[in-house]
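Participant:
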Amino acid sequence: AHWWDTKTWEEFEQRLKHRDRAEAALRKHFFIGLRARFEGRKVRYMVRSAERSVEHCDRNSGLPEGELWPPESRQAARELEEEAAKARATEPFPGAVDATLPNYAERPELDNPGIAIVRLLQLMTHLRTVHLYCIYCGCKYDSADDMDRNCPGITEEEHDE
């Protein structure tokens, strides 16, 4: 039996309304999930971009390496890569050493939206307060007053208006 198999017109209309409500709820649920996945990827991208911006601004300002830099740019990662390069000369088969190195592109901690957003806020705060740089405007301001006057705000939405 199908949902449309009814004895009366009223019963058909009732089932149709019920089906439409159920379909709308499923569609809404699907799009919420789709939007959440998109937002997660977007936040991950923003974190990676902001990390590179922090490294660039810090280097240009003569600041030492920090925890806000991308993991692959930090001294420990470079030392690990140097050790791996030496070990590759004696590895038992090609790729054996590389299999033991961390894959910095994966960044599983950024799959957690809470952790990723906290990281992004730390990065944006550093860029705005230390370097007077806005990642959405893509420019460095001359002073805090200059930033207050010319930058629409701290969120992407404020920049879209």
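Quick note on full-length UniProt numbering: the sequence shown kicks off at 1 and runs consecutively.
A virtual CB, placed ideally from N, CA and C, is assigned to each residue, including glycine.
#1: In angstroms, rounded to a whole number, what distance separates the CA positions of F12 and R19?
#2: Report yes if the CB atom of A50 is closer than 8 Å to the CB atom of L110, and no otherwise.
#3: Can a CB atom of chain B be found closer than 8 Å to the CB of F31?
#4: Quick check: the Cα distance between D145 and H159, rounded to an integer number of angstroms?
#5: Indicate the three-state DSSP secondary structure (helix, strand or coil) for K140 in the structure shown.
#6: For residue 214 and E156, what's the separation of their Cα atoms in angstroms?
#7: Between L132, C151 and G153, which lies nearest to residue 162 when the distance is taken from Cα to Cα?
#8: Tell me the rounded alpha-carbon separation between I32 and R41.
#9: From M46 to Q75, what distance separates their C-alpha atoms?
#10: Round the Cβ separation of E82 and P70 to the nearest angstrom and send it over; I've been treating them as touching at under 8 Å.
#11: Residue range of the alpha helix (DSSP H) that P108 falls in?
#12: L68 to M124, Cα distance in whole Å?
Facilitator: Looking at the coordinates:
#1: For the purposes of this step, residue 12 is taken as the residue at position 12 of the sequence shown. For the purposes of this step, residue 19 is taken as the residue at position 19 of the sequence shown. If I take the Cα positions, the gap works out to 10 Å.
#2: Taking the sequence shown and counting its residues from 1, the one referred to as residue 50 is at position 50. Taking the sequence shown and counting its residues from 1, the one referred to as residue 110 is at position 110. No, they are not a contact pair.
#3: The structure shown contains no chain B; it is built from a single protein chain.
#4: One-based indexing of the sequence shown puts residue 145 at position 145. One-based indexing of the sequence shown puts residue 159 at position 159. When rounded, the distance between both Cα atoms is 18 Å.
#5: Taking the first residue of the sequence shown as position 1, residue 140 is located at position 140. Note: K140 maps to strand in three-state DSSP.
#6: Outside the shown range of the chain, which is 1 to 161, sits residue 214, and nothing can be said about it.
#7: What is shown of the chain runs 1 to 161, which leaves residue 162 out entirely.
#8: As a first step, residue 32 must be located in the sequence shown, where it is residue number 32. As a first step, residue 41 must be located in the sequence shown, where it is residue number 41. C-alpha separation (whole angstroms): 14 Å.
#9: Walking along the sequence shown from the start, residue 46 turns up at place 46. Walking along the sequence shown from the start, residue 75 turns up at place 75. One C-alpha to the other measures close to 23 Å.
#10: Counting from 1 along the sequence shown, the entry for residue 82 is found at position 82. Counting from 1 along the sequence shown, the entry for residue 70 is found at position 70. The pair is not a contact, with the Cβ atoms about 18 Å apart (cut-off 8 Å).
#11: Working through the sequence shown from its first residue, we reach residue 108 at position 108. Segment: none, P108 is in no alpha helix (DSSP H) and carries neither H nor E.
#12: On the sequence shown, position 68 is the one that residue 68 refers to. On the sequence shown, position 124 is the one that residue 124 refers to. Those two C-alpha atoms are separated by around 10 Å.
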